[in-house]
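What follows is a short report on a single structure.
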Amino acid sequence: MINDRLVMIPGPTPIARSIQEQMGREVQAFGDPRFVSDYKSLISDLKELFFCDGIAFPLAGTGTLAMEMAISNSAKRGDNVLIVSHGFFGDRFIEICERKGLNYDVLSSEWGDIVPLDKISEALSQKKYAAITVSHVDTSTGVRAPIEEIGELLKKHPGVLYIVDGVAATAGEYTDMAAANMDVLFTGSQKAFGCSPGMFILWANNRALERRKSLGTIPEYFVDYEKWLPIMEDPTKYFATPAVNQIWALQESVRIMKEEGMKARFERHKLHAAALQEAFIALGFSILAKKEYRAVTLSNLVYPDGLDDASFRNAMMEEGVVIAGGLKEYAGKMCRIGHMGNAGAPEFVVMLGALERALNKCGAAVPYGTGVGAYLSLLS
Ligand SMILES: *Cc1c(COP(=O)(O)O)cnc(C)c1O
828 MINDRLVMIP GPTPIARSIQ EQMGREVQAF GDPRFVSDYK SLISDLKELF
878 FCDGIAFPLA GTGTLAMEMA ISNSAKRGDN VLIVSHGFFG DRFIEICERK
928 GLNYDVLSSE WGDIVPLDKI SEALSQKKYA AITVSHVDTS TGVRAPIEEI
978 GELLKKHPGV LYIVDGVAAT AGEYTDMAAA NMDVLFTGSQ KAFGCSPGMF
1028 ILWANNRALE RRKSLGTIPE YFVDYEKWLP IMEDPTKYFA TPAVNQIWAL
1078 QESVRIMKEE GMKARFERHK LHAAALQEAF IALGFSILAK KEYRAVTLSN
1128 LVYPDGLDDA SFRNAMMEEG VVIAGGLKEY AGKMCRIGHM GNAGAPEFVV
1178 MLGALERALN KCGAAVPYGT GVGAYLSLLS
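Here the sequence shown is numbered in the working numbering, starting from 828 and rising by one per residue.
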């Protein structure tokens, strides 16, 4: 029995019952020693799990606010920023930089492909950049960037802060900030952490915190590291009210991660993604991202000829499963399916069954069991 439509968009995905229960708890005062201790231990776990030598800021807001926070604390008006874009979310940094009066250069890939490393290396050697931005996984294309290799390149450019948008990746794709030479990383609660929307987490290492100090007063108030740092170090202090229940929900999602282990969690995502992607292909879709750059957290499926986007996604809805549409030039030509967080075989089998029924309803005859069979046979 499914109580409501199964949400299989690239965030949120279905939320574990134990996480939901945290959101339904009786609220506590944010100064209550019990909550203070919960918040403290969440911050410390977040630093440890993702290898951050600085601080983690789990705050109210969405991934987009984290993008703004990352830029605001890393560069000042007139600084140069290098934007590496693999799609819609990579491009979002363009407008953010534009509005902040930063000078920026953009390296964009074709959708489904990546910007080659030598292009990034060349750009870095031509100008003095304050920061570089890269999306670990761009949700519009399902492409995973080679973030470790980019981190390696950046060792030759120690003045450039490495900002990684991990919104559709972190806690699904394996992330070690120290090993990848990352300075700033952020994500939203509704993506691979498997919580509901409403929180973001931004990690800033010591280099990033030093950069912030060197900027003096910045125009932004709510997203200023300096405002939040004293609270992250001692949550009995107040700057702005923490989202108590959402913080508990994040804490429970982190407890699940610790129990599973981060490497095992990544391997689980990888196994399911590979099996799902074979199933999608067996059903007649093609996958936008080139095989070597496919994310483990979501898939972007280009429709077979003749499949109408609106009728297909409506048919999916009637089957009780919600999936997302394509963005920009892929609107109407593609759908996007999230398979991150704590969702697993029980949800994926239902989703694949719904795909089979919806395809048949929409005139693309596929034998029943095609997708479910391909998926299950690759799982074990
Ligand atoms: C979802 C997403 C965002 C935006 O996050 P919101 O929580 O919707 O503001 C940014 N970057 C990437 C890669 C995303 O997937």
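A virtual CB, placed ideally from N, CA and C, is assigned to each residue, including glycine.
None of these values were measured; they are calculated from a predicted model.
ALA1158 beta carbon near ligand 1 (any heavy atom closer than 6 angstroms):
By 1-based counting over the sequence shown, the position of residue 1158 is 331. Result no, Cβ not under 6 angstroms from ligand 1.
ASN1032 to PRO839, Cα distance in whole Å?
Translated into positions along the sequence shown, residue 1032 becomes position 205. Translated into positions along the sequence shown, residue 839 becomes position 12. Cα to Cα, ASN1032 sits roughly 27 angstroms from PRO839.
Excluding the 5 residues preceding and the 5 following GLN1073 in the sequence, name in chain order all residues of the same chain whose CB lies nearer than 6 angstroms to its CB.
Taking the first residue of the sequence shown as position 1, residue 1073 is located at position 246. Excluding sequence neighbours, GLN1073 sits near GLY1025 and MET1026.
Note down, in chain order, each residue of its chain lying with its Cβ closer than 6 angstroms to the Cβ of LEU929, except the 5 sequence neighbours on either side.
Taking the first residue of the sequence shown as 1, we reach residue 929 at position 102. Correct list, in chain order: ALA902, ASP906 and VAL908.
Any heavy atom of ligand 1 within a distance shorter than 6 angstroms of the CB on THR966?
Working through the sequence shown from its first residue, we reach residue 966 at position 139. THR966 Cβ: within cutoff of ligand 1.
Here's a check: name, in chain order, each residue in its chain whose Cβ is nearer than 7 angstroms to the Cβ of THR1063, leaving out the five neighbours to either side.
Locating residue 1063 in the sequence shown gives position 236, counting from the first residue. GLY858 and VAL863, listed in sequence order.
Looking at ligand 1, does it come within less than 6 angstroms of VAL994, judged from the CB to the closest heavy atom?
Within the sequence shown, the letter at position 167 stands for residue 994. Checking the Cβ of VAL994 against ligand 1 gives yes.
Check: PHE916 C-beta below 6 angstroms from any heavy atom of ligand 1:
One-based indexing of the sequence shown puts residue 916 at position 89. PHE916 Cβ: within cutoff of ligand 1.
Counting Cβ pairs closer than 8 angstroms, one from the stretch 1090-1100 and one from the stretch 997-1010, do we hit at least three?
yes
Taking the Cβ atom as the reference point for each residue, do ILE910 and THR960 lie within a distance shorter than 7 angstroms?
Taking the first residue of the sequence shown as position 1, residue 910 is located at position 83. Taking the first residue of the sequence shown as position 1, residue 960 is located at position 133. A contact, by the Cβ cut-off of 7 angstroms.
Comparing alpha-carbon positions, which option in VAL1193, VAL1123 and PRO1194 lies nearest GLY1171?
Sequence index remark: in the sequence shown, residue 1171 carries index 344 (1-based). Of VAL1193, VAL1123 and PRO1194, the residue nearest in Cα terms is VAL1123.
From the DSSP secondary-structure annotation, give me the bridge partner or partners of SER868.
Along the sequence shown, read from residue 1 onward, the residue named residue 868 stands at position 41. According to DSSP, which records beta bridges pairwise, SER868 is partnered with nothing at all.
Backbone secondary structure at PHE1027 - three-state DSSP:
Position 200 of the sequence shown, counted from the first residue, corresponds to residue 1027. PHE1027: strand per DSSP, three-state reduction.
For GLU1000, which residues does DSSP report across the bridge?
Working through the sequence shown from its first residue, we reach residue 1000 at position 173. Per DSSP, THR997.
Cβ-based neighbour list, SER935, same chain, cut-off 6 angstroms, excluding 5 preceding and 5 following
Position 108 of the sequence shown holds residue 935. Hits under 6 angstroms: SER912.
Reference GLU1037, options ALA972, GLY888, VAL987 and ALA1151, closest by Cα
By 1-based counting over the sequence shown, the position of residue 1037 is 210. Of the candidates ALA972, GLY888, VAL987 and ALA1151, the one whose C-alpha sits nearest the C-alpha of GLU1037 is VAL987.
If you draw a straight line from the alpha carbon of SER948 to that of ARG852, how long is it in whole angstroms?
Within the sequence shown, numbered from 1, the residue matching residue 948 stands at position 121. Within the sequence shown, numbered from 1, the residue matching residue 852 stands at position 25. If you take the alpha carbons of SER948 and ARG852, they lie about 50 angstroms apart.
Could you name the residues that DSSP lists as bridge partners for ASN1127?
Along the sequence shown, one-based indexing puts residue 1127 at 300. The partner list for ASN1127 (beta bridge, DSSP) reads ARG1163.
Suppose you measure from the CA of LYS867 to the CA of PRO860; what does that come to, to the nearest Å?
Here residue 867 corresponds to residue number 40 of the sequence shown, with the count starting at 1. Here residue 860 corresponds to residue number 33 of the sequence shown, with the count starting at 1. Going from the Cα of LYS867 to the Cα of PRO860 covers about 10 angstroms.
Between ALA1151, VAL1176, ILE882 and TRP938, which has its C-alpha nearest GLY917's C-alpha?
The residue you call residue 917 lines up with position 90 of the sequence shown. Comparing Cα positions, the closest option is TRP938.
Length-filtered (4 minimum) alpha helix (DSSP H) runs lying within the stretch 1059-1118:
1071-1087 and 1089-1109
State yes or no: is the C-beta of VAL1021 nearer than 6 angstroms to some heavy atom of ligand 1?
Position 194 of the sequence shown, counted from the first residue, corresponds to residue 1021. This sequence places Gly at residue 1021; Val is not what is there. The answer is no for GLY1021.
Given 6 angstroms as the limit, tell me if SER1113 has its C-beta closer than that to any heavy atom belonging to ligand 1.
Translated into the one-based positions of the sequence shown, residue 1113 becomes position 286. No, the Cβ of SER1113 stays beyond 6 angstroms of every heavy atom of ligand 1.
Measuring CB to CB, does ALA1181 end up less than 7 angstroms from ALA1109?
Counting from one through the sequence shown, the residue named residue 1181 turns up at place 354. Counting from one through the sequence shown, the residue named residue 1109 turns up at place 282. No, these two residues do not count as a Cβ contact at 7 angstroms.
Please determine whether the Cβ atom of THR1014 lies at a distance below 6 angstroms from any heavy atom of ligand 1.
Your numbering for residue 1014 matches position 187 in the sequence shown. No, ligand 1 has no heavy atom inside 6 angstroms of this Cβ.
With a CB to CB cut of under 6 angstroms and the five nearest residues on each side skipped, what residues in its chain are close to ASP880?
Taking the sequence shown and counting its residues from 1, the one referred to as residue 880 is at position 53. If we look at ASP880 and ignore the five residues flanking it on each side, its Cβ neighbours are ASN1032 and ASN1033.
Using CA atoms only, rank isn't needed, just tell me which of PRO1194, SER952 and ALA1005 is closest to ALA1106.
Along the sequence shown, read from residue 1 onward, the residue named residue 1106 stands at position 279. Of the listed residues, the one whose Cα sits closest to ALA1106 is PRO1194.
At the level of alpha carbons, what is the spacing between MET835 and GLU1146?
Position 8 of the sequence shown, counted from the start, is the residue given in the question as residue 835. Position 319 of the sequence shown, counted from the start, is the residue given in the question as residue 1146. Using only the alpha carbons, I get a separation of about 12 angstroms.
Can you tell me whether LEU951 is helix, strand or coil according to DSSP?
Here residue 951 refers to the residue found at position 124 of the sequence shown. Residue state, collapsed to three classes: helix.
Could you compute how far the alpha carbon of GLY1153 sits from the alpha carbon of GLY1133?
Within the sequence shown, numbered from 1, the residue matching residue 1153 stands at position 326. Within the sequence shown, numbered from 1, the residue matching residue 1133 stands at position 306. Cα to Cα, GLY1153 sits roughly 16 angstroms from GLY1133.
Helix, strand or coil for PHE1013? Go by DSSP, reduced to three states.
What you label residue 1013 is simply residue 186 of the sequence shown in a count that begins at 1. Strand at PHE1013.
Does any heavy atom of ligand 1 sit closer than 6 angstroms to the C-beta of THR889?
To locate residue 889, count along the sequence shown from 1; it is residue 62. Flag set: Cβ of THR889 near ligand 1.
Quick check on this structure: which residue in ARG904, VAL970 and ILE846 has the alpha carbon closest to the alpha carbon of VAL942?
For the purposes of this step, residue 942 is taken as residue 115 along the sequence shown, with counting starting at 1. Nearest C-alpha to VAL942: VAL970.
Consider the C-beta atom of SER962 and the heavy atoms of ligand 1; say whether any pair is separated by less than 6 angstroms.
The count along the sequence shown starts at 1 and reaches residue 962 at position 135. Flag set: Cβ of SER962 near ligand 1.
Could you tell me if TYR1048 is buried or exposed, where buried requires 16 or more neighbouring beta carbons within 10 angstroms of its beta carbon?
In the sequence shown, the residue the question calls residue 1048 occupies position 221. Burial call: exposed.
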